[in-house]
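Residue numbers (my numbering), protein chains in the order written: chain A, 534 to 1232; chain B, 534 to 1232.
Every residue, glycine too, gets a C-beta built ideally from N, C-alpha and C.
Keep in mind that this is a model prediction, so the values were computed, not measured.
Below: one structure, written as structure tokens.
Shown next, in the form of structure tokens:
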């Protein structure tokens, strides 16, 4: 079968193999290494299946082959089920036999320490030489419900029937493919593909996903992530999926410190900060959900749609039960999504349609009871009302036994231009299935419903960052070329920031024994200038509020003496003098090349409390000014810069511009900057000014 | 039937009436006002049912009576189903006929505005005169599954069978009683009683709950709350339930501003701050959950148990799937519950039992597969291990089709002395039912599981506050008696705080024209002294860092001139002079008599950022020093006072003492203080000192 597209050859070998081999399959269909044969037969794989077992004539009643070399026809996909020490030889056999893809069950590789990692690398070398591609190791298998191919050892596939569907699951946790199947089935939610990617030694989520973006049986991708591996493949996957109009929804471990730690220990992967990974997923247009069930329920909100066009997050609510809708609204409030009251015009139209809406924040149809004609009329009005970006319909007890009353009208509007989320207050499996069958996003809990709506509004197509100007680029390169060593000192750092267009406080580097005339007035601040001393204040290297030349001279001398005593080995370039800058607040602006997701820019309030509250916003760098403004809106502490309680407001436009400018470090050729921090950036009423900073280079 | 206990007569009339009347019942069993007759018959009420309808000979095929006066026997409980304008007359008829309890369906009372409120008050007057007790108005009914009595208009009771159980539901949202029934049924979770309390014009959650605390068919109470009405009854209910060993679990609307607003508009109730209500529920030993499903799933964690004895929140995790357990652990991390690694001794015991636990934070049994003998052995070791306060068992795919492997061993330990929470990763209804039947807390989602565990650890039996000493009491009363007016000025406020035992900065009130000698050294701070000026800084009424007598005199004069110009009507008592106090941080300490829940004490960092981050801890006042210390642990910003990054640590013992001392305002006879605030309380390394404050009295 010739490849039908870019991903075609790989997708065909993995999901539509002409023949399958089961290397080391057990005779006991109940054991992990015996299940794949049982499941392949049970769910009806149509092609040849070759059990490979050198010790047996037959396996589970079928003829077994001594080795891959003996099989009567070519094998596209082998599942290697042998124990860890035998895997290397099995991979070599696959490579020699011309197998195109091998999935490896065994664990004990990269996740188990240095020896396992070395073993994993050897598998990769063997495969690379022959064109063999690997899934795993530590993979519970590869499933295609349309082929059908249940090449998996996951016990959940003992289910009588495998529900076909249009969602592709890629999971770094093998057990979760079973969770998806098991939890989807009673909801009528089926899958097109399910892949346990394991350690991603060769094929990663990104590469497998990319190969599926043109799969005609897949409408959306669901990811269970513990980490991001193979970033470039991941980015390509997201770009192809976006281009194909197929949303990606991700559930990710690592909200809390212990979650991140467990994700690491579980997979041997490196896990970055939650905020950086979030920024990465967001930039790629991936919807991130926080609740397990949301990952099954949210796709219907996004399939066939584009990300919201504005930053407004306004929901119109129609309900047959005030208390039920309030549960969702309460949680939406926690996620900065607004339940918007209908406009006067919308009220007028509801009244004209005889929909008995009480005045209030929600369209409460309790008084009408659940009447399909009124429900439909009111829904149409909400769908058309310009004040709402999404419609939330909450259906009370009628959903359980009388779906025709209030659920059916929603299904009739399944393909409206505005997304509709539906929370069913009672246990109502039949109605949930009917919604799923019609492609309407139905939710079983108020928490998952609010989570999905928040994810929808966080769905993002980032505007491209303004390209850095050639002049700024040249100046920055010049500023960097004038330095040596990995750490720039404060003056060099400020010069780099200025090259990017960020105003910095004027600096004079002086020798206290021979003070030159200063180009700015007193009071001034004096700081020891040394790339070797990162905590100047702790070293006694900062003197504030100096009022005169005499004081400057005396305090600078004292300062240098103190610093030299504490850091006898530090190279000191002199004393840096700046005017005392005052403003409305101090901001920390940072740039970092994250090993997992790439360059990110961070902005937050300066100071200890902001650090304790983790109140900052992170984006992949570079960002546009518009995106930087969005970032500022996410930092709660910036309320103090917006004219809090009658205080004057700071220049947040200049602040956003500075964020975008710093983020341009990502655009420098060769990515020379590993880390840069402006701390503080002083925000004034009509400008911002960088007062101190540090830069670390990849040298 | 004679009353069998304190709550007996009321409970009997409500839940085990000798006869029921349905006033205004509709002939159409599908309409809201027709359902109660249908449901009573369907679910088998054994006593006489008297349909009352002046316009019909028969209703739904049964004989109807013209009025209550015509019924052949006495009626204990009437359900008034007539429209709002007819309710008053119906209540009067009930009162005249000697009915003991009437439940009222109609809405349009207190929740609908002043006219409705007046109408509701009239109902109450009519009832009070006769001994008739009311449920509602706006009540969907009263259900007892054991009697059985399905006196309800909630459509969910159309279910074929009403599952009896041992949980009593009291709900301020009528539709939610149906939600509980509908969602409990597939889980095997049934109820003893379900009451829609409506507007609580007469009988409140507290009074009905209190009447059920000795119900032999009830093990625990589930509350759906929008507000707290009838505080004293609520407190009595909680005390009786605690004494009876019957936990109360509450789900409450109002996490977010919009949730609070909707709770108000929905019920006409007043809703206090989330933190104050939380403090109230906590003090009463009520478990508060955040997720809807948790309210059904959490009771099994608490029934038959007492609140945790220590503040430690340590969970031991055993799992057959690392990824599944990580989902719960990740969310526990967000709720400050620690997933604790097993001790060396526990490892030794696991090894001796041949339980194949990998080293790590959780006991991961993946390698063993799901083996009942090993599961049981490992569970026993965790239950006995002193490092864990609760055991979380996470069961993977075997839970769906092979409950005997890993779920059954947990059921065998249902009555162990340590609480066990069980999260089932797949869809596994049979196993969930088996857990519910055995009284084990089983969870369907990782989020609800973590929510319940956090609620369990937040379950609290408050140590009694140390009683205020007679001397402190006398001094405080004397301090108050020396004042007049509702607002105390700064000096009077500080005197009151000192009377409670809180150190205050020394004060001198001076006339700038005739400066006396000061009993403390310069530098000092001068502040205008006036109860009429609450924002002294804004009025130009504060001068900091005054270095000499001359400066004090000059700046005080200037200050008074500025304040008099801005506040010509303010009564000014002079200039208050204090030494400049410096410390490690500034704390805000507040006391307030909350109209809904009573006196509360609040502590948090001072300053704008702490206010923006809402970083404070609230408790019902008074609190003991131990409880105050617990409060300090909840304020994230206090990290800055605990020796943050090598800085010296503040005297948090003195701070906790000050919190407890201020909270004693609640113990003053006659509760004269409405509000008191110390802002700032300066925290030093070996003491705390109140520098400014304000007190508002009920005068």
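Contact between the stretch 931 to 939 of chain A and the stretch 949 to 966 of chain A (3+ Cβ pairs under 8 Å)
yes
Against residue 687 of chain B, what residues of chain A qualify as contacts under a CB-to-CB distance less than 9 Å, listed in chain order?
For the purposes of this step, residue 687 of chain B is identified with residue 154 of the second chain, where counting begins at 1. Those within 9 Å of residue 687 of chain B in chain A are 930.
Proximity test, Cβ basis, 8 Å: residue 883 of chain A and chain B
For the purposes of this step, residue 883 of chain A is identified with residue 350 of the first chain, where counting begins at 1. By this cut-off, residue 883 of chain A is not an interface position.
Interface residues of chain A around residue 1146 of chain B at Cβ under 8 Å?
As a first step, residue 1146 of chain B is located in the second chain; it is residue number 613 there, counting from the start. Within chain A, the residues near residue 1146 of chain B are 1142, 1146, 1148, 1169 and 1170.
What is the DSSP secondary structure of residue 1150 of chain A, reduced to helix, strand or coil?
Here residue 1150 of chain A refers to the residue found at position 617 of the first chain. Three-state result, residue 1150 of chain A: strand.
Let me see if you follow: with CB-CB separation under 8 Å, is residue 860 of chain A close to chain B or not?
Here residue 860 of chain A refers to the residue found at position 327 of the first chain. Judged by the 8 Å Cβ criterion, residue 860 of chain A is in contact with chain B.
With distances taken Cα to Cα, identify the nearest neighbour of residue 751 of chain B among B/734, B/759, B/732 and B/727.
Position 218 of the second chain, counted from the first residue, corresponds to residue 751 of chain B. When only C-alpha atoms are compared, the closest one is B/727.
Selected residue, minimal CA-CA separation from residue 774 of chain B, among B/839, B/712 and B/792:
Taking the first residue of the second chain as position 1, residue 774 of chain B is located at position 241. The candidate whose alpha carbon is nearest that of residue 774 of chain B is B/839.
Distance CB(residue 668 of chain B)-CB(residue 707 of chain B) smaller than 8 Å:
Working through the second chain from its first residue, we reach residue 668 of chain B at position 135. Working through the second chain from its first residue, we reach residue 707 of chain B at position 174. Their beta carbons are not under 8 Å apart, which means residue 668 of chain B does not touch residue 707 of chain B by this criterion.
Same chain, Cβ closer than 7 Å to residue 1215 of chain A, neighbours up to 5 away in sequence not counted:
Counting from one through the first chain, the residue named residue 1215 of chain A turns up at place 682. Closer than 7 Å at Cβ, skipping near neighbours: 1114, 1116, 1119, 1221, 1222 and 1224.
Does the stretch 1122 to 1133 of chain A touch the stretch 1067 to 1084 of chain A, meaning 3 or more C-beta pairs lie closer than 8 Å?
no
Return helix, strand or coil for residue 991 of chain A, following the three-state DSSP convention.
Mapped onto the first chain, residue 991 of chain A falls at position 458. If DSSP states are grouped into helix, strand and coil, residue 991 of chain A belongs with the helices.
Distance, residue 848 of chain A Cα to residue 912 of chain B Cα:
If you number the second chain from 1, residue 912 of chain B lands on position 379. If you number the first chain from 1, residue 848 of chain A lands on position 315. Taking the straight line joining both Cα atoms gives about 47 Å.
Interface residues of chain A around residue 1135 of chain B at Cβ under 7 Å?
Mapped onto the second chain, residue 1135 of chain B falls at position 602. Going along chain A, no residue has its Cβ under 7 Å from residue 1135 of chain B, so there is no contact; the nearest lies around 18 Å.
Short CB-CB distance (under 8 Å) between residue 857 of chain B and chain A:
Walking along the second chain from the start, residue 857 of chain B turns up at place 324. Closer than 8 Å to some Cβ of chain A, the Cβ of residue 857 of chain B qualifies, so yes.
So, with DSSP's three-state summary, where would you put residue 963 of chain B?
One-based indexing of the second chain puts residue 963 of chain B at position 430. Three-state result, residue 963 of chain B: helix.
Any C-beta of chain B sitting closer than 8 Å to the C-beta of residue 801 of chain A?
Residue numbering aside, residue 801 of chain A sits at position 268 when the first chain is read from its first letter. Because the pLDDT at residue 801 of chain A is just 47, under 50, the model does not fix this residue reliably, and the value given afterwards should be weighed accordingly. Not one chain B Cβ lies under 8 Å of residue 801 of chain A.
Who are residue 610 of chain A's beta bridge partners in DSSP?
Within the first chain, numbered from 1, the residue matching residue 610 of chain A stands at position 77. Per DSSP, A/553 and A/634.
If you draw a straight line from the C-alpha of residue 1185 of chain A to the C-alpha of residue 1168 of chain A, how long is it?
For the purposes of this step, residue 1185 of chain A is taken as the residue at position 652 of the first chain. For the purposes of this step, residue 1168 of chain A is taken as the residue at position 635 of the first chain. Distance between the alpha carbons of residue 1185 of chain A and residue 1168 of chain A: 12 Å.
Which chain A residues sit within Cβ distance under 7 Å of residue 867 of chain B?
Working through the second chain from its first residue, we reach residue 867 of chain B at position 334. The contacting residues are 788 and 789.
Give a yes or no on whether 8 Å exceeds the smallest Cβ distance from residue 715 of chain A to chain B.
On the first chain, position 182 is the one that residue 715 of chain A refers to. Residue 715 of chain A counts as touching chain B.
Chain B contacts from the stretch 1174 to 1196 of chain A (Cβ-Cβ distance under 7 Å):
1177
Quick one: does residue 872 of chain B have its CB under 8 Å from some CB of chain A?
Counted from its first residue, the second chain places residue 872 of chain B at position 339. Taking Cβ atoms only, chain A reaches closer than 8 Å to residue 872 of chain B, which makes this a yes.
As an exercise, report each continuous beta strand (DSSP E) stretch of at least 3 residues that is fully enclosed by the stretch 787 to 844 of chain B, in chain order.
820 to 822
Residue nearest to residue 565 of chain B in terms of C-alpha spacing, selected from B/685, B/695, B/980 and B/883
As a working mapping, residue 565 of chain B is identified with position 32 in the second chain. Comparing Cα positions, the closest option is B/685.
DSSP-derived helix/strand/coil call for residue 1113 of chain A
On the first chain, residue 1113 of chain A is found 580 positions in, with the first residue counted as 1. Reduced to three states, the DSSP call for residue 1113 of chain A is coil.
Residue 779 of chain B, buried or exposed, once every other Cβ within 10 Å from all chains shown has been counted against 16
Sequence index remark: in the second chain, residue 779 of chain B carries index 246 (1-based). With 16 or more Cβ atoms within 10 Å of its Cβ, residue 779 of chain B is classed as buried.
Any chain A beta carbon closer than 8 Å to residue 937 of chain B
Within the second chain, residue 937 of chain B is the residue found at index 404, counting from 1. Residue 937 of chain B does not count as touching chain A.
Under a Cβ-count criterion, where at least 16 other Cβ atoms within 10 Å of its own Cβ denotes burial, should residue 842 of chain A be classed as buried or exposed?
Sequence index remark: in the first chain, residue 842 of chain A carries index 309 (1-based). Exposed: under 16 other Cβ atoms inside 10 Å.
So if DSSP puts residue 904 of chain A in a beta bridge, which residue, or which two residues, is it bridged to?
Against the first chain, residue 904 of chain A aligns to sequence position 371. Per DSSP, none; premise fails for residue 904 of chain A.
May I have the straight-line CA-CA distance separating residue 942 of chain A from residue 834 of chain A, to the nearest angstrom?
Indexing the first chain from 1 puts residue 942 of chain A at position 409. Indexing the first chain from 1 puts residue 834 of chain A at position 301. Going from the Cα of residue 942 of chain A to the Cα of residue 834 of chain A covers about 17 Å.
Indicate the three-state DSSP secondary structure (helix, strand or coil) for residue 649 of chain B in the structure shown.
The residue given as residue 649 of chain B occupies position 116 in the second chain. The answer is helix: DSSP assigns residue 649 of chain B an H, G or I state.
Between residue 672 of chain A and chain B, is the shortest Cβ-Cβ distance under 8 Å, so that the two count as touching?
Residue numbering aside, residue 672 of chain A sits at position 139 when the first chain is read from its first letter. Closer than 8 Å: no.
By the criterion of Cβ-Cβ separation under 8 Å, what are the contact partners of residue 959 of chain B in chain C?
Of the chains in the structure shown, none is chain C; the protein chains are A and B.
Proximity winner among B/814, B/915 and B/908, relative to residue 937 of chain B (alpha-carbon distances):
Taking the second chain and counting its residues from 1, one reaches residue 937 of chain B at position 404. Ranking the options by Cα distance to residue 937 of chain B, first place goes to B/908.
Cross-chain neighbours of residue 825 of chain B in chain A, by beta carbon under 8 Å:
Translated into positions along the second chain, residue 825 of chain B becomes position 292. Near residue 825 of chain B (Cβ distances below 8 Å), the residues of chain A are 860, 978, 979 and 980.
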